[in-house]
Amino acid sequence: MGRFAALSELRNYPSAVVGMAIIAFLIALSVYTVITIPYADALDKWRGGEQWRLHPVNASPVWADRLTGGRAPETQVVSSRDAAIERQPFEGGERLHIPLQVNYQAGDFPSEMTLFLSAEGHEREPFARLVWRTPDGRELALGGTRVATQDRVSISQDRSLEQRLGLVPHIGLLATPDSEPGAAEVLTGDYELTLDVILFQEDAGFEADLVLYGRVHGLAGTDHQRRDLMVALMWGTPVALAFGLLAAVGTTITTLIIAATGVWFGGWVDATIQRLTEVNMILPLLPILVMVGTLYSTSIWLMLGVVVALGIFSAGIKMYRAMLLPLRQAAYIEAALAYGAGNTRIILRYMIPRILPVLIPTFVTLIPTFVFLEASLAVLGLGDPVLPTWGKVLNDAQSESALYSQYYYWVLSPAFLLMLTGLGFAMLGFALDRIFNPRLRAL
Amino acid sequence: MTTATEGTRAQGLRRDVRRLGLFTAKRLLALFLTILVGVYLTILIANMGGRVDDLRMVQIQGEVSEMVRGDPAFQDMPSEERNALVQRQVDLEVERLRLDQPFIVRSFDYLHRAMLLDLGRAEQMHSDSGSRDVYDIIVERLPATLLLFGTANFLVFFFSVYIALSLSRRYGSMLDRSVIALAPSSAAPAWFYGIFLILLFAFVLPVLPSGGMVQAPPPENPLHYALDVLRHMLLPVLAMFLSQIFISIYSWRTFFLIHSSEDYVEMARAKGLPDNLIERRYILRPTLSPIITSFLLMLIGLWSGAIILEQVFNWPGLGTLLFQAIGHRDTPVIIGSVVIFAYLLAITVFLLDILYAVLDPRIRIGGD
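Chains A and B supply the protein sequences, listed in that same order. Using my numbering, read the first sequence as starting at 1 and increasing by one per residue. Using my numbering, read the second sequence as starting at 1 and increasing by one per residue.
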């Protein structure tokens, strides 16, 4: 049976087809991610900060809400750039009337309300007075404020307003009149936040953005730092695949070379390798990784190095040795010796290629092990300090007790992707095992 | 005639015991050397290039100057005098922790003491009973870990052998194929299933506790205490069980299938022996050695998984201890845990080696 015949035989195994489809999807997702969100961009985004100020905190994915029949709001941003501003110049200044109109149709209240103000190039700070108008014609004065160059008015945290309304402001402002706390209902319709601004300078700029933060956001939701989880879920894919693949390649190849060297030279070389394998067997991999992670650095590349270094003398050596031993006396190796092939040549060109096909299934099933290892380290808080990965999302979720606060999406989406990766490779690996392993073929 | 047979039998038994004893002694010696090398490697890794020493120096310096500055008694001291005081305190601390000796000397000292399980004193942590000895801290946590992992492993072992045997009898049936199809689910480690189980049974359907070992305050009645521990064990054991059971069934079923097509099994069937007897004497007996090997590899994998599973379930065992030690940067506790993990792995290997020798007649009869 040729090697290609074996691969085409994969089509007969439904699990192998599903596994390959999953792997193809993951690879496509990685390529798409790396192209659309360049590496530097991803790191910068994941660092968080001001760039996420227009995203809600802990919003769940839109589809999760819509599937359960909810009509939770998405974030609405109303900017003064789109508003019809009335200007009334006066001696030494200007008076602006900015109506910020909000058409609110969602079935639930926003999670937060904030007004971002920017007043560039003023010598004296402008003054703004805010009035809130509801669809049924009520008017609520929200007070006035001096506006610094970059300013924000956190309407949700206005304590005096909360006392006046008897409700948290972002609920009270949008509720039907006389709503009771705990049983407030949304009054849908056209709202307006009117800003009366006095500028003490004629040619300076003034901008306002009213943000009604939603309770749902995008396909993946957001975390406690307002970051869109999509960044981490997408970037986690290439990171996980690269880590799994490199670790699997690194450990398999080095182990194979060591095993072949031991078998070829025999004697004390073989004995030493065997003893080292036994020592390696009792070295606990994860505690050592934990130790290295705490004492040195949690960089993913260092972890990869340690995994490969500890994997060189792994238990696999015994298996490879058993497979390689009969090859030593094989006629084609004698022939190679006869034409004067050196030790290195015999090991690399004659012995290793011979057992590679048998290793393919082991290799494929090894990949998810390392993917989960990386996630495990991240869950322990030893994830790479800058890279967004699935494990780090899980770690954040755990430290913010996401399950307790019922932010299930935060745990479920990275877990789903991890599971998908694990299943894809394992299904393909098991099918390959049955194709390449002659003992199983007969069954 | 009968006495002669008995005589040979007794002789055979004596020979077996002698050979087993020899084998055990050889394995013990080999494992001892293995642990020696393993522990020394751990110590070397822990202090590669003296990084740990630097970290500890910075920490000591920080703590001492904090203490001196915070003490009102030294408020009026001139800064030079105060710096000298800080330096004196730092030197004392360095001497107390033996940081003034070269690392290579300390490393052999560490090794000697680690092998005797004298794991030194913790820098920050202490056991629940108040002891600062790393050994006490670790031993206090060991029973919890052994209880959890012992239970889960035995359940997985017996269930999977039993199910695999019955599946190999019904090879190709619907049940057989569905179990095989489920085998790839073992790619995910136990902690991963743990997260889902916690989500399901502690939050969506709040019937079981999400973590810990006993409720607070612990019940007074020993029976209630045991029941409560059992209740807390349910989810972590289930998580380990789920992540291991299908792959174990799969691999053991394969062994049984391969061996049930051997000629001597066909022969036994042809003789008309009952199925039970064939399973026990003709299939199970010769496959036990490879089963033990795979069980060993699984156990080794599980010890590593323990750390995260315990952390996820907040189970007060060795894994959680290691995690806390990371938080405190308590080097003696971290090294001590790694050493204990190495010992546990070595004991596992040793026990299974002995079992292997008892089961494999070649070792008993063949001598070597």
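Backbone N, C-alpha and C define an ideal beta-carbon position, used for all residues, glycine too.
Distance cutoff 8 angstroms, beta carbons only. Does residue i sit that close to anything in chain A?
{"i": "GLY38 (chain B)", "result": "yes"}
{"i": "ARG177 (chain B)", "result": "no"}
{"i": "THR34 (chain B)", "result": "yes"}
{"i": "LEU273 (chain B)", "result": "no"}
{"i": "ALA144 (chain B)", "result": "no"}
{"i": "SER337 (chain B)", "result": "yes"}
{"i": "PHE203 (chain B)", "result": "yes"}
{"i": "PRO72 (chain B)", "result": "no"}
{"i": "PRO316 (chain B)", "result": "no"}
{"i": "VAL17 (chain B)", "result": "no"}
{"i": "ILE292 (chain B)", "result": "no"}
When you compare the CB of residue i with every CB in chain B, is at least one pair closer than 8 angstroms?
{"i": "GLU278 (chain A)", "result": "yes"}
{"i": "MET230 (chain A)", "result": "no"}
{"i": "MET1 (chain A)", "result": "Any reading at MET1 (chain A) must be qualified, since the residue scores a pLDDT of 46, below 50, and its modelled position is unreliable; the value itself is stated next. With 8 angstroms as the cut-off, MET1 (chain A) does not count as an interface residue toward chain B."}
{"i": "ALA259 (chain A)", "result": "no"}
{"i": "VAL386 (chain A)", "result": "no"}
{"i": "PRO181 (chain A)", "result": "no"}
{"i": "ILE282 (chain A)", "result": "yes"}
{"i": "SER15 (chain A)", "result": "yes"}
{"i": "PRO368 (chain A)", "result": "yes"}
{"i": "GLY244 (chain A)", "result": "no"}
{"i": "ILE22 (chain A)", "result": "no"}
{"i": "PRO287 (chain A)", "result": "yes"}
{"i": "SER422 (chain A)", "result": "A small fix is needed here, since residue 422 (chain A) is Gly in this sequence, not Ser. True, the Cβ-Cβ gap to chain B drops below 8 angstroms."}
{"i": "TYR332 (chain A)", "result": "no"}
{"i": "VAL249 (chain A)", "result": "no"}
{"i": "LEU26 (chain A)", "result": "no"}
{"i": "SER376 (chain A)", "result": "yes"}
{"i": "MET323 (chain A)", "result": "no"}
{"i": "ALA415 (chain A)", "result": "yes"}
{"i": "VAL292 (chain A)", "result": "yes"}
Tell me which residues share the same chain as residue i and place their Cβ nearer than 6 angstroms to its Cβ, disregarding the 5 neighbours each side in the sequence.
{"i": "ASP433 (chain A)", "result": "PRO361"}
{"i": "ASP44 (chain A)", "result": "none"}
{"i": "THR75 (chain A)", "result": "PRO56, TYR213 and GLY214"}
{"i": "TYR13 (chain A)", "result": "ALA431"}
{"i": "LEU277 (chain B)", "result": "none"}
Using a 10 Å radius around the Cβ and a threshold of 16 neighbouring Cβ atoms, would you call residue i buried or exposed?
{"i": "GLY182 (chain A)", "result": "exposed"}
{"i": "LYS26 (chain B)", "result": "exposed"}
{"i": "SER79 (chain B)", "result": "exposed"}
{"i": "SER168 (chain B)", "result": "buried"}
{"i": "TYR404 (chain A)", "result": "exposed"}
{"i": "ASP119 (chain B)", "result": "Checking the sequence, you will find Leu at residue 119 (chain B) rather than Asp. It counts as buried."}
Enumerate in chain order the residues of its own chain whose CB-to-CB distance from residue i is below 8 angstroms, with the five nearest sequence positions on each side excluded.
{"i": "GLY111 (chain B)", "result": "Correcting the residue type first, residue 111 (chain B) is Leu in the shown sequence and not Gly. LEU36, VAL39, TYR40 and ILE43."}
{"i": "MET115 (chain B)", "result": "ILE35, LEU36 and VAL39"}
{"i": "TYR332 (chain A)", "result": "TYR350"}
{"i": "VAL186 (chain A)", "result": "TYR104, ALA106, GLY107, ASP108, PHE109, LEU174, ALA175 and THR176"}
{"i": "GLN311 (chain B)", "result": "TRP191, GLY319, THR320 and PHE323"}
Can you give the beta carbon distance from residue i to residue j, rounded, assuming they're within the 8 angstroms contact cut?
{"i": "GLY189 (chain A)", "j": "PRO135 (chain A)", "result": "3 angstroms"}
{"i": "TRP252 (chain B)", "j": "ALA306 (chain B)", "result": "About 23 angstroms separates the two Cβ atoms, so there is no contact after all."}
{"i": "GLY93 (chain A)", "j": "PHE200 (chain A)", "result": "5 angstroms"}
{"i": "GLU207 (chain A)", "j": "SER80 (chain A)", "result": "5 angstroms"}
{"i": "SER248 (chain B)", "j": "VAL156 (chain B)", "result": "6 angstroms"}
{"i": "GLY424 (chain A)", "j": "ILE22 (chain A)", "result": "3 angstroms"}
{"i": "SER60 (chain A)", "j": "TYR407 (chain A)", "result": "7 angstroms"}
{"i": "VAL393 (chain A)", "j": "LEU142 (chain A)", "result": "About 37 angstroms; that fails the 8 angstroms criterion."}
{"i": "VAL381 (chain B)", "j": "VAL86 (chain B)", "result": "Only positions 1 to 368 of chain B appear in this structure, which leaves residue 381 (chain B) out of reach."}
Spatial neighbours of residue i within its chain, please: C-beta separation below 7 angstroms, excluding the five flanking residues on both sides.
{"i": "ILE171 (chain A)", "result": "PHE109 and ALA184"}
{"i": "ARG282 (chain B)", "result": "According to the sequence provided, residue 282 (chain B) is Tyr. The question's Arg does not apply to it. Cβ within range, chain order: TYR264, VAL265 and ALA268."}
{"i": "ARG87 (chain A)", "result": "GLU94 and LEU96"}
{"i": "MET20 (chain A)", "result": "LEU428"}
{"i": "LEU245 (chain A)", "result": "ILE367"}
Across the region 108–116 of chain A and the region 149–159 of chain A, are there enough close Cβ pairs to call them in contact, namely three or more that are closer than 8 angstroms? yes
Does the count of Cβ pairs from the region 346–360 of chain B and the region 123–130 of chain B closer than 8 angstroms reach three? no
Are there three or more Cβ pairs, one per stretch, closer than 8 angstroms when the region 256–271 of chain A is compared with the region 11–24 of chain B? no
Across the region 235–254 of chain B and the region 176–192 of chain B, are there enough close Cβ pairs to call them in contact, namely three or more that are closer than 8 angstroms? yes
Any 3 or more C-beta pairs closer than 8 angstroms across the region 370–387 of chain A and the region 191–198 of chain A: no
Should the region 221–236 of chain B be called in touch with the region 198–208 of chain B, which here means at least 3 C-beta pairs below 8 angstroms? yes
Under 8 angstroms: do the region 243–251 of chain A and the region 303–321 of chain A share three or more Cβ pairs, one atom per stretch? yes
The region 98–111 of chain B / the region 66–83 of chain B touching (three or more Cβ pairs under 8 angstroms): no
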